[in-house]
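Quick note on numbering: this note's numbering labels position 1 of the sequence shown as 1, and the sequence is numbered without any gaps.
The beta-carbon is built from N, C-alpha and C at its ideal position, and this holds for glycine as well.
Model, not experiment: these values are computed from the prediction.
Before any comments, here is the structure.
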Amino acid sequence: MTRERDTSDPSFVVLAGVLLAFGLLTSCATSTAEFTSGSFEEIEAALEVDGLEICGTTDVVWDDVGGVVAGRQYQLSSDSCADLRRNENELQVQEFDDVGDRDGALFNAMSYMTRGARFANGQLWTWGPFLLELSGPVGDDVSYRVNSALESIGAVP
Numbered sequence: 001m002t003r004e005r006d007t008s009d010p011s012f013v014v015l016a017g018v019l020l021a022f023g024l025l026t027s028c029a030t031s032t033a034e035f036t037s038g039s040f041e042e043i044e045a046a047l048e049v050d051g052l053e054i055c056g057t058t059d060v061v062w063d064d065v066g067g068v069v070a071g072r073q074y075q076l077s078s079d080s081c082a083d084l085r086r087n088e089n090e091l092q093v094q095e096f097d098d099v100g101d102r103d104g105a106l107f108n109a110m111s112y113m114t115r116g117a118r119f120a121n122g123q124l125w126t127w128g129p130f131l132l133e134l135s136g137p138v139g140d141d142v143s144y145r146v147n148s149a150l151e152s153i154g155a156v157p
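This is the structure:
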């Protein structure tokens, strides 16, 4: 008894594979904020409204990342700026000139997080032209207030 091989057109299998791959990619994609206007001053105001003190501000631009036009690093506290050595919370805010560059930097930062490099507590947001990264203890009062402040302006984690 000889079995004949089915030689019918396998295009439906290819189509199903393509649709499955597309579905997986879109469901696994990280959502990002719309690339609308925003300012450092709006971010600072939101932080202060949520009860955070900005203990220090330094201009810091990620030179090794394409599309960055400006950047600031904020030292934050929820109780007092008196003992900055004790304060480990820093918010890095980088402004981009292009949504592709901003989102590319986000995905690079996410890949660094999976390897345990640089992004200590893995808190990243996008808002307008900005990528924001909080380093320091996870789950403390400052990180809670930063989350609340950024949520209030529409930042996307």
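Query raised in the report: Taking only runs of the beta strand (DSSP E) that begin and end inside the region 61 to 97, which ones reach a length of at least 3 residues, in chain order?
Result: 68 to 77 and 90 to 96
Query raised in the report: In three-state terms, what does DSSP make of Glu133?
Result: strand
**Report entry** Residue from Asp79, Gly38, Glu34 and Val69 whose Cα sits closest to the Cα of Glu53
**Finding:** Asp79
Report task. Give the DSSP bridge partners of Ile43, in chain order. Result -> None, per the DSSP bridge assignment.
Query raised in the report: Which residue comes first and which comes last in the alpha helix (DSSP H) that contains Glu151?
Result: Asp141 to Ser152
**Report entry** Gly51 (DSSP reduced to helix, strand or coil)
**Finding:** coil
Requested in this report: Could you tell me whether the Cβ atoms of Glu104 and Thr36 are closer together than 8 Å?
Outcome: Going by the sequence as given, residue 104 is Gly instead of Glu. Their beta carbons are not under 8 Å apart, which means Gly104 does not touch Thr36 by this criterion.
Query - Backbone secondary structure at Val99 - three-state DSSP - result: helix
Requested in this report: Taking Asp140 as the reference, give the member of Asn89, Glu34 and Thr57 with the closest Cα.
Outcome: Asn89
Requested in this report: Pull up the DSSP beta-bridge partners for Gly56, would you.
Outcome: Gln75
Report task. Alpha carbon to alpha carbon, how far is Asp97 from Tyr74? Give it in angstroms, no decimals. Result -> 21 Å
Query - Classification of Tyr144 by the beta-carbon crowding that lies within 10 angstroms, buried from 16 upward - result: exposed
Query raised in the report: What residues in its chain sit with their C-beta under 6 Å from that of Ala61, if we drop five residues either side in the sequence?
Result: Before going further, note that residue 61 is Val rather than Ala in the sequence given. Counting only Cβ-Cβ distances below 6 Å, and skipping sequence neighbours, we find Val68 and Gly71.
Query raised in the report: In the DSSP assignment, what residue or residues form a beta bridge with Leu106?
Result: Its beta-bridge partners do not exist; DSSP assigns none.
Query raised in the report: Expressed to the nearest angstrom, what Euclidean distance is found between the alpha-carbon atoms of Leu131 and Cys55?
Result: 21 Å
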